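In what follows, a structure is listed as structure tokens, so that the remarks can point back to it.
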Amino acid sequence: MTRHDATTTSSTSISTTSHAASPSATTSSSGGSVQIVNNLDSTVYLWSTSDTSTAMQTIASGETYSETYQTNSNGGGISIKMATTESQASVLQFEYTKASDTLFWDLSAIDMDSDSEFITAGFSATPSDSSCSSVTCAAGDSDCSEVYQESDDVATQSCSATAGITVTLG
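Each number in this note's numbering comes from the position in the sequence shown (counting from 1) with 36 added on.
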């Protein structure tokens with residue numbers, strides 16, 4: 037499968053239920069959303085980026101962030117960058133591109149340090165549509181084969197754009 041680059045993000049919402057939107061991304065009129073569940077003991081910081089980036093969002097332990105799938109005004113993808121510090125120096129990325137009725141998505145650890153708390157605790161992405169593939173990286177797996185470790189890896193998934201995806205951290 038060809039990787040559909042999704043390294044820029046858009047609209048964001050933090051839950052226990054809050055929302056924010058990126059100025060250059062467009063919310064899809066019909067479609068799913070991504071939920072990011074923070075099961076870590078620490079706060080998670082995230083930025084939703086497209087050709088621009090939203091303000092930093094924080095997800096306290098036990099909270100959930102929600103983002104309706106967006107389309108990037110420049111035709112590229114969306115990247116939700118997650119970190120355990122207020123810096124984007126070491127991030128786990130949920131990347132997606134909505135193309136008509138299909139969502140191409142992946143998790144990328146390319147820009148994540150090997151001692152990241154996400155690796156220590158493990159993480160997963162599970163679509164609501166059971167016919168779509170899930171991704172699971174066990175706690176301590178610093179070279180998880182189900183996510184991008186290098187830019188030429190093959191780790192892109194596809195699913196109906198109406199399916200929700202739950203990313204669980206920890």
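Cβ atoms here follow ideal geometry from the backbone N, Cα and C, with glycine treated the same way.
In this text, all values refer to a predicted model and were calculated from it rather than measured experimentally.
Annotated three-state conformation of T156 is helix, per DSSP. Ranked by how close their Cα comes to the Cα of I114, the residues Y81, D189, T85, C180 have T85 in first place.
A contact is defined here as three or more CB-CB pairs under 8 Å, and the stretch 174 to 181 meets this definition with respect to the stretch 147 to 160. Just so you know, the alpha carbons of Y81 and S167 end up roughly 31 Å apart.
Ranked by how close their Cα comes to the Cα of A191, the residues T162, M92, D142 have D142 in first place.
The C-beta distance from I201 to T162 rounds to 7 Å, short enough to fall under 8 Å. Per DSSP, the continuous beta strand (DSSP E) segment holding L82 begins and ends at 80 to 85. Assignment of D142 by DSSP, reduced to helix, strand and coil, places it in the strand class. Here T100 is actually not in contact with V127; their C-beta atoms are around 19 Å apart, not less than 8 Å. In the DSSP annotation of this structure, the continuous segment of the beta strand (DSSP E) that includes L128 starts and ends at 128 to 135.
Linking E186 to G98 through their CA atoms gives a straight-line distance of about 31 Å. Here the C-alpha atom of Y105 lies approximately 15 Å from the C-alpha atom of D87.
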